[in-house]
Amino acid sequence: MIQKHVSKETGLLSYHPQGHVLFHPTVGQQQSCPTCSTTLLNGDFKVTYDVNRDKACDLLVADNHFAHFFAPQNLTKLNKNVVFVIDISSSMGGQKVKQTKEALLKILGDLRPGDYFDLVLFGSAVQSWRGSLVQASAANLDAARNFVQHFSLAGSTNLNGGLLQGIEILNKAQGSLPELSNHASILIMLTDGEPTEGVTDHTQILKNVRDAIRGKFPLYNLGFGHDVDLKFLEVMSLENNGRVQRIYEDHDATQQLQGFYEQVANPLLRDVELLYPWDAVSALTQHHHKQYYEGSEIIVAGRIADHKLSSFKADVQAYGEGQEFKTTCLVDEEEMKKLLRERGHMLENHVERLWAYLTIQELLAKRMKLEGAEKANVSAKALKMSLAYQFVTPLTSMTIRGMADQDGLEPLIDKALEDSLPLEMVGPRKTFVLLASQPSPTRPSSEVQQLPNQVTGVDTDPHFLIHVPQKEDTLCFNINEEPGVVLSLVQDPDTGFSVNGQLIGNEASGPGKHEGTYFGRLGIANPATGFQLEVTPQNITLNPGSGRPIFSWRDQASLRQNEVVVTINRKRNLVVSVEDGGTFEVVLHRVWKRSAICQDFLGFYVLDSHRMSARTHGLLGQFFHPFDYKVFDLHPGSDPTKTDATMVVKKRRLTVTRGLQKDYSKDPRHGAEVTCWFIHNNGDGLIDGVHTDYIVPDIF
Numbered sequence: 000m001i002q003k004h005v006s007k008e009t010g011l012l013s014y015h016p017q018g019h020v021l022f023h024p025t026v027g028q029q030q031s032c033p034t035c036s037t038t039l040l041n042g043d044f045k046v047t048y049d050v051n052r053d054k055a056c057d058l059l060v061a062d063n064h065f066a067h068f069f070a071p072q073n074l075t076k077l078n079k080n081v082v083f084v085i086d087i088s089s090s091m092g093g094q095k096v097k098q099t100k101e102a103l104l105k106i107l108g109d110l111r112p113g114d115y116f117d118l119v120l121f122g123s124a125v126q127s128w129r130g131s132l133v134q135a136s137a138a139n140l141d142a143a144r145n146f147v148q149h150f151s152l153a154g155s156t157n158l159n160g161g162l163l164q165g166i167e168i169l170n171k172a173q174g175s176l177p178e179l180s181n182h183a184s185i186l187i188m189l190t191d192g193e194p195t196e197g198v199t200d201h202t203q204i205l206k207n208v209r210d211a212i213r214g215k216f217p218l219y220n221l222g223f224g225h226d227v228d229l230k231f232l233e234v235m236s237l238e239n240n241g242r243v244q245r246i247y248e249d250h251d252a253t254q255q256l257q258g259f260y261e262q263v264a265n266p267l268l269r270d271v272e273l274l275y276p277w278d279a280v281s282a283l284t285q286h287h288h289k290q291y292y293e294g295s296e297i298i299v300a301g302r303i304a305d306h307k308l309s310s311f312k313a314d315v316q317a318y319g320e321g322q323e324f325k326t327t328c329l330v331d332e333e334e335m336k337k338l339l340r341e342r343g344h345m346l347e348n349h350v351e352r353l354w355a356y357l358t359i360q361e362l363l364a365k366r367m368k369l370e371g372a373e374k375a376n377v378s379a380k381a382l383k384m385s386l387a388y389q390f391v392t393p394l395t396s397m398t399i400r401g402m403a404d405q406d407g408l409e410p411l412i413d414k415a416l417e418d419s420l421p422l423e424m425v426g427p428r429k430t431f432v433l434l435a436s437q438p439s440p441t442r443p444s445s446e447v448q449q450l451p452n453q454v455t456g457v458d459t460d461p462h463f464l465i466h467v468p469q470k471e472d473t474l475c476f477n478i479n480e481e482p483g484v485v486l487s488l489v490q491d492p493d494t495g496f497s498v499n500g501q502l503i504g505n506e507a508s509g510p511g512k513h514e515g516t517y518f519g520r521l522g523i524a525n526p527a528t529g530f531q532l533e534v535t536p537q538n539i540t541l542n543p544g545s546g547r548p549i550f551s552w553r554d555q556a557s558l559r560q561n562e563v564v565v566t567i568n569r570k571r572n573l574v575v576s577v578e579d580g581g582t583f584e585v586v587l588h589r590v591w592k593r594s595a596i597c598q599d600f601l602g603f604y605v606l607d608s609h610r611m612s613a614r615t616h617g618l619l620g621q622f623f624h625p626f627d628y629k630v631f632d633l634h635p636g637s638d639p640t641k642t643d644a645t646m647v648v649k650k651r652r653l654t655v656t657r658g659l660q661k662d663y664s665k666d667p668r669h670g671a672e673v674t675c676w677f678i679h680n681n682g683d684g685l686i687d688g689v690h691t692d693y694i695v696p697d698i699f
């Protein structure tokens, strides 16, 4: 058992821990498949518990910090207004729609007679069951079950339209039916994909939803499967007093959906405010909540001024079923003295760490909604606190290290909290040490300042992008070669480090058009350490032919071999960091239905090249070093929508065209449009020699 308080959200023990959790997975449970040699821990390890409570709230005060636990019992449940917004696009086929229907049928059975509800379905079009809230009477529930059992999938994903329809239903009910204004209103959306119909821009959808809800009720987003953009859904929920949860495609998805609903099915209070003397507290964590649910706990923490420690209190105001709820929480001084005698510094440390944990989580949530300098400032604060209190966050890493095996391969596990990805292990079992560290070089982010010469990349057909920071401009060119050709991208003769890419083909888009080519295979090698990495859209192979593990893009893992660290970020990208070399990113592009491209392909970006030698060459490597050019005589080109100009570079005069290309180095999913000067004829005049000089026999 666990006596007194254990925070449900943090797992931090506040009073007396008297429990142990032991987990001893068998070898079979650790195998990635019955015949695989690799091992992993794939899934969430959850410990569910509750605590003994003898009063509505507790105030812990220790060493100028406080923790306020609020969990009142024996309250009458509020009636609720709930709208379910369900994705019925074609991607929800098979098990997804079957499990969704099963969960909805069970949830409908849990509605109480005093509840009101409606159902909204969105595919290409948006349809609602009733178009307004109806009471959960026996007749209405039977009709709703019949509707759920017989709806079918249709078209694309009009997520914006579905949400706005659900919001409108709740808003109309609150405005036109006074008896429903005291209910707890809840909006729950389930989707498995990207918005592809109607409004599809994420920023615009976020604004539309925010403006429509106006803070009146929470929005809970459920993301079905691994391909859903959970970050987008999370920002939307956070902006509207809710939260996001991923529903994993598994045999228990129905239970996952129903389990989430049960967490919000029994609201007890709404518009909860926890108030503290204004002149007594600072660094206060979130203390306003739209709703309080049965079985949950509200936790607030902060700092207290020295002269206010003895008189500190907390007032709580909220609205319950049919009446206003008010209570005052005081510090139990005798209990606190007893605890301090028994636990002393440990209790003080727990209270302060709880405040730090909650503050960090709020900073991380806030940074998701910011851009540019504001995001960098919030990230810096969160990072500073994470390191000071040794918490694992998306800005730090928890590294599990073991002794290297006979080939020098050292398993690393970089576990961040941001996406709740499963922890995966490869290699032989070792005795590991857990530690928190500075931002990992294997996880570069937009918050970590990049060096000026992180300048080059190649993606799509294949378009080479050369960022020139000195000019605040970008140059671009294409290489048109046959499928199967291998091109030298980076070659450092001083170290032997190389990156080569092999082209794959795509059918020509029309008569007279060239066959599109993309990178379908990359070879990254460092002969000084015997390191080789082969990357395709299907697999990532370390030291091909050596018997080392082969990874897929479904894995989330980090590996170190001597001075090279490889980090695979599930279904998105991988990053290769060479200790005395550079940092490189490979982006995975997966082809979707109706795409003009017939097969998956790769993009390659150089994130850091400042430690590469001055003799580094290749189609990208030659641009690691500063070079100059001039552009003048801008004039309309053969295409009246584009501007031509004259460029002088390397003592040559070229005709160049202003155009657009996409850079996927910061956003592997959507990319960012980059304006660049396009050099014609396979980069002739910009690259050294001609493009055929860069053809090599093999990726290694």
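The opening position of the sequence shown corresponds to residue 0 in numbering that gives the first Met the number 0, with each subsequent residue numbered one higher. Where a beta carbon is used, it is the ideal one built from N, C-alpha and C, also for glycine.
Taking 7 Å as the cut-off, the Cβ atoms of Lys79 and Asp114 count as close. Restricted to the stretch 580-635, the beta strand (DSSP E) segments that are unbroken, complete and at least 3 residues in length are 582-588, 600-607, 628-635, listed in chain order. DSSP links Trp676 through a beta bridge to Leu474, Arg657. Short of 7 Å from the beta carbon of Thr195, and not among the five residues preceding or following it, lie these beta carbons of its own chain, in chain order: Ser155, Thr156. Here Glu101 carries a helix assignment [DSSP, helix/strand/coil]. Asp191 places its beta carbon less than 7 Å from that of Ser90.
The DSSP-derived three-state label of Glu296 is coil. The three-state secondary structure of Pro266, taken from DSSP, is strand. Sequence-distant partners of Tyr388 (beyond 5 residues in either direction) whose C-beta falls short of 7 Å from its own C-beta, in its chain, are Arg352, Ala355. Check the Cα spacing between Gly602 and each of Val647, Val565, Thr535: the tightest is with Thr535. Look at His225 here: in three-state DSSP terms it is coil, with no helix or strand label. Shown here, Lys337 sits in a helix according to DSSP, grouped into three states.
Where Thr516 is concerned, the enclosing beta strand (DSSP E) starts and stops at 515-525. Of all alpha-carbon atoms in Ser576, Thr284, Arg302, His679, the one lying nearest the alpha-carbon of His462 is that of His679. In this chain, the alpha helix (DSSP H) harbouring Val208 covers 201-212.
In this structure Ser236 is not in contact with Leu256, their Cβ atoms being roughly 16 Å apart against a cut-off of 8 Å.
By the neighbour-count criterion, in which a residue is buried when 16 or more other Cβ atoms sit within 10 angstroms of its Cβ, Leu232 is buried.
Residue state for Gln285 is assigned as coil, using DSSP reduced to three classes. Rounded to the nearest whole angstrom, the CA to CA distance from Cys675 to Val467 is 10 Å. In this structure Ala172 is buried. Its beta-carbon is surrounded by 16 or more other beta-carbon atoms within 10 angstroms.
Asn477 counts as buried, since at least 16 other C-beta atoms from the protein chains shown sit within 10 angstroms of its C-beta.
Contact check for Thr642 against Asp607 fails: the beta carbons are separated by 7 Å or more. In the three-state reduction of the DSSP assignment, Asp314 falls in the strand class. With fewer than three CB-CB distances shorter than 8 Å, the stretch 323-336 does not count as touching the stretch 297-307. Contact annotation, Ile87 with Ala153: C-beta distance approximately 6 Å; criterion of less than 8 Å satisfied.
Excluding residues up to 5 positions away in sequence, Ile465, Val605, Leu619, Phe622 lie with their Cβ nearer than 6 Å to the Cβ of Thr455 in the same chain.
The DSSP-derived three-state label of Tyr388 is helix. For Gly580, the closest of Gln98, Gly214, Gly495 by C-alpha to C-alpha distance is Gly495. Beyond the five residues adjoining it in sequence on each side, Val280 comes within less than 7 Å, by CB distance, of Gly301, Arg302, Ile303 in the same chain, given in chain order.
Selection Lys650, Ala671, Gln555 evaluated against Gly684 yields Lys650 as nearest (Cα-Cα).
Counting only residues of its own chain and dropping the five nearest sequence neighbours on each side, Gly222 has a CB closer than 6 Å to the CB of Leu229, Leu232, Arg245. The residues Ser236, in chain order, have a CB closer than 6 Å to that of Arg242 in the same chain once the five nearest residues on each side in sequence are set aside. Pairing Glu514 with Val234, the inter-Cα distance amounts to about 40 Å. Within 10 angstroms of the beta-carbon of Pro71 lie 16 or more other beta-carbons, which makes it buried.
DSSP places Leu558 in the strand class (E or B) of the three-state scheme. Close CB contacts of Asn145 within its chain, under the 7 Å cut and outside five residues either way in sequence, are absent.
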